[in-house]
Amino acid sequence: MLQRKKLHCFSLFALLLLSWNFSFTSGQCPPVKEPCVCTSSMHEPVSISCNNAGSLLDVIQAIAGARNVQIDSLFITNTPIGNLPPLAFQQFAVVRLILNRNVITDIDPLAFDGPLLDSLVDLDLRFNRLGQVPGQGVGRLRRLHKLNLAHNSIGSLANRPFSSYASVDYLQRLDLSNNLLLDIDHDAFDGLRNLQELSLEANGLNSVPTAPLSHLRTKLTDLNLGSNRIATIGKGSLNFPKLTSLSLEYNGLADLHMDSLAGLTELNYLYLTGNHFTQWHPDVYKHVGNLRVLAVGEMAISRLPVDAFKHIPALIRLEMSEAAIDTIEQGTFQRTPNIQAIVLNKNLLSKIRVDLFRGLQALSAIDLSKNRLTSIDDRAFAGLTSLRNLDLSGNELKRLQPATFNGTFQRTHDARVLYLCKPACCVVASVGDNPWVCTEELEWLRRWLRINRDIIIDKPECLSVCNAPEQLRNWPLRNDDFEVTALPILPDTSANSFAFSTAGWIILAIILAILLTTIGLLALVRYFVSQKHKRQKEEAEERRVLSSAASGYQVGSAAGSAYPGSVLDLNLPPVNPNVPIDDRQHRFKPAVGTGISDCTNVEYFPPALNHPVPSWAAKIRANIHRRQFPVGDSRTSQAKLVAEAAQSTRPDNPAGQPPHQCVHEANDGTNPTVRHISNSCLKKLKISNFTNQLRTWRRLQLCIVH
């Protein structure tokens, strides 16, 4: 219980911390205008980026709202600045200033005067047109830790360019790569007492600048001399005991003397890729026993001897891509028991022996892609419990032995990758690029891949497919032979492509037909449901109206009439009692009167109805009240229906027979509208008892005469 409470409290604390961080970072951005935008993060609450502005003045005006805010990062890129003017960033406090691709050729000595003198820590001036190291303008910055001058046109470091810098005690990282430096003066770096990282990559240096860096030999930790013209490295040239990373890539070095690396006792990272070594000399590495990462790719080394790594047993990563390795002697990698990654892609290996990686329990990644592998011994990768990433793509493998991966690719939280694919451009090739033969011999692998579906076997533009037998050509390696997919996974440019295309169209047509049928059925169901709901609604409304109508028929005699006024307000012609009854059929004529109440003196209109009104009679009354029947000349029909309804409810006349005082038989041609409306309305209301009476009294008329 106590642990649960602690966990609950910790969760609440974490949520509060996250919400505080979110509220802190989300509200830090000051208002800025185009072409500038401001973003906020936990590490950089205020980061402003301005790209493709018309001028520096446009940028300053756009970020005017940030004058009283500390700006963590300010990016100004692709803006034609040219000469950086004085007081360019007055009233702005910026920690990191990036001025890339702005065609800057000169910097005014007062350019950074203002809050920047003490706030600026990182200045990036890459991709400009500076012809020399900026002097007083940058030199006035007091707390500069990092200065990036890469990709400019600096051709010389004469006259101690950094000695006057106010930040000589702070500057730790200097990037001068991709400039035009051919030589470096012996005092070029004077004054930089704490410089730790220096990049002189991609210049035209012919030798290691040992003398200019001599006062930094106990300070430098990272030195990049790659892509220069250094052909030889003499003994003692690299005497930097604190150096942990050294790059000599792409220099044209033909070889290294066994003492070339003397003095690099703390070296962890060594990059030699792209030089002209033809053999592996183990003694070259005898002074770098703490080496962790070694990159020696793109060289014509064909053999790795058994003692290749005898001086560097702490190696954890070997990169030998695009070399010419075709032979690795037995026991070579066992000299590096803690190795974690071996990169041997684009070499000339044709076979992987069972002993090659045996016992390397820390090995987690092997890249053997694009070699010439035709066979892999059974159990070649067995027992490598840490292996999570193996790339066998782009080889000539047709089958693998059942115990190849025993004890390997164990389930953990890390992703498992086993690339067995061939480039998508080559799916129709008959040889090369892993032409897997999907017969019974390879069924174990395919079944194992189906069981372990989380193992990634394909990569972009590279698919793992069968090459044989013919019926499984280009079939996904992981799929069962009887699995059916909606469309082919791979494009096929062979003669069968038309058949595959036709099948795809047929399947698509079937799917569309099913979809349209489903839509039609749903529409029908919706229609019938709506009709049902409509009928239910009408019946409910009818019951409501009938209920109110029926209650209206039960009015007492004090009302003076058996019907409420709303029903009697029909403006019907009055009865003329002076006309003899026998003569009324020949004198049928509408007349103006006070309404049907004139007939209340006749015996079929009793003073009051003290018994319930039948439902069908109430329906007639309700429909008349709602104007459901025709109006105009058919008013006599409406009156007739009311009279007939009232007559049929009399206790002494259960049969509903109309009395002769008000109703008599008419001729066939007299007022056919009455007969038509009566029959249709009564049939609509399904009044069966009255309909039977109409069969006897088919030609009835109401006593409406003068």
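Numbered by mature numbering (1 follows the signal peptide of the UniProt record, and there is no 0), the letters in the sequence shown go through residues -27 to -1, 1 to 679 in order. Note that beta-carbon positions come from the ideal geometry of N, C-alpha and C, so glycine has one too. Keep in mind that this is a model prediction, so the values were computed, not measured.
Residue i - DSSP class collapsed to helix/strand/coil
| i | result |
| --- | --- |
| tyrosine 526 | Low confidence applies here, because tyrosine 526 scores a pLDDT of 41, under 50, leaving its location unreliable; read the following figure in that light. Here tyrosine 526 sits in coil by DSSP. |
| isoleucine 429 | strand |
| phenylalanine 250 | coil |
| residue 681 | Because the chain is modelled from -27 through 679, residue 681 falls outside the range shown and cannot be assessed. |
| threonine 490 | helix |
| serine 172 | strand |
| phenylalanine 48 | strand |
| alanine 61 | coil |
| arginine 361 | coil |
| tyrosine 500 | helix |
| lysine 505 | helix |
| glutamine 444 | helix |
| threonine 305 | coil |
| arginine 516 | helix |
| leucine 479 | At residue 479 the sequence reads isoleucine, which differs from the leucine that was named. In the structure shown, isoleucine 479 sits in a helix (DSSP, three-state: H, G or I). |
| alanine 297 | coil |
| lysine 395 | strand |
| isoleucine 325 | strand |
| cysteine 635 | Bear in mind that a pLDDT of 37 at cysteine 635, under 50, signals an unreliable position, so the number given afterwards is only what the model happens to contain. Reduced to three states, the DSSP call for cysteine 635 is coil. |
Straight-line Cα distance separating residue j from residue i
| i | j | result |
| --- | --- | --- |
| serine 137 | valine 261 | 37 Å |
| leucine 47 | isoleucine 71 | 6 Å |
| glutamine 313 | alanine 335 | 5 Å |
| glycine 247 | glutamate 174 | 14 Å |
| leucine 370 | aspartate 364 | 12 Å |
| lysine 324 | alanine 273 | 19 Å |
| alanine 139 | asparagine 167 | 13 Å |
| aspartate 299 | phenylalanine 213 | 35 Å |
| residue 692 | serine 366 | In this structure the chain extends from -27 to 679, so residue 692 is not present and cannot be described. |
| proline 192 | aspartate 406 | Note that residue 192 is lysine in the sequence shown, not proline. For lysine 192 and aspartate 406, the distance between alpha carbons rounds to 50 Å. |
| glutamine 509 | leucine 495 | 21 Å |
| serine 172 | cysteine 11 | 31 Å |
| alanine 338 | leucine 360 | 6 Å |
| alanine 619 | glutamate 512 | Any reading at alanine 619 must be qualified, since the residue scores a pLDDT of 48, below 50, and its modelled position is unreliable; the value itself is stated next. If you take the alpha carbons of alanine 619 and glutamate 512, they lie about 24 Å apart. |
| residue 680 | valine 257 | Here the chain comprises residues numbered -27 to 679, so residue 680 is not present and cannot be evaluated. |
| leucine 186 | histidine 118 | 18 Å |
| cysteine 9 | leucine 196 | 36 Å |
| asparagine 344 | asparagine 320 | 5 Å |
| isoleucine 157 | aspartate 81 | 25 Å |
| arginine 423 | glycine 356 | 21 Å |
| valine 266 | arginine 113 | 39 Å |
| tryptophan 253 | glutamine 64 | 59 Å |
| alanine 281 | glutamine 383 | 30 Å |
| glutamate 295 | arginine 352 | 26 Å |
| aspartate 45 | serine 92 | 10 Å |
| alanine 388 | threonine 217 | 31 Å |
| residue 680 | asparagine 132 | Residue 680 lies beyond the stretch modelled for the chain, which goes from -27 to 679, so this question has no answer here. |
| phenylalanine 501 | arginine 516 | 22 Å |
Range of the contiguous beta strand (DSSP E) that encloses residue i
| i | result |
| --- | --- |
| valine 316 | 314 to 316 |
| arginine 74 | First-last for arginine 74: undefined, no H or E at that position. |
| valine 10 | 9 to 12 |
| aspartate 91 | Not the beta strand (DSSP E): aspartate 91 falls in the alpha helix (DSSP H), residues 89 to 92. |
| lysine 119 | 119 to 121 |
| isoleucine 21 | 20 to 24 |
| isoleucine 339 | 338 to 340 |
Cutoff 8 Å: residue i Cβ touching any chain C Cβ
| i | result |
| --- | --- |
| cysteine 435 | In the displayed structure, chain C is absent; only one protein chain is listed. |
For residue i, the first and last residue of its enclosing alpha helix (DSSP H)
| i | result |
| --- | --- |
| glutamine 34 | 29 to 35 |
| valine 111 | 109 to 112 |
| leucine 418 | 416 to 424 |
With 16 other Cβ atoms within 10 Å as the buried cut-off, status of residue i
| i | result |
| --- | --- |
| aspartate 427 | exposed |
| asparagine 318 | buried |
| lysine 208 | exposed |
| isoleucine 479 | exposed |
| leucine 393 | buried |
| glutamate 416 | exposed |
| glycine 304 | exposed |
| proline 433 | exposed |
| leucine 481 | exposed |
| valine 442 | For clarity, residue 442 is proline in the given sequence; the question names valine instead. Proline 442 is exposed by the Cβ-count criterion. |
| phenylalanine 354 | buried |
The ligand NAD heavy atom lying under 7 Å from the CB of residue i
| i | result |
| --- | --- |
| arginine 115 | As for the ligand NAD, it is missing from this structure, which has no ligand bound. |
The stretch 84 to 103 in contact with the stretch 121 to 136 per 3-pair CB rule at 8 Å: yes
Cβ contact (3+ pairs, closer than 8 Å) linking the stretch 4 to 11 and the stretch 28 to 38: yes
Any 3 or more C-beta pairs closer than 8 Å across the stretch 76 to 89 and the stretch 50 to 63: yes
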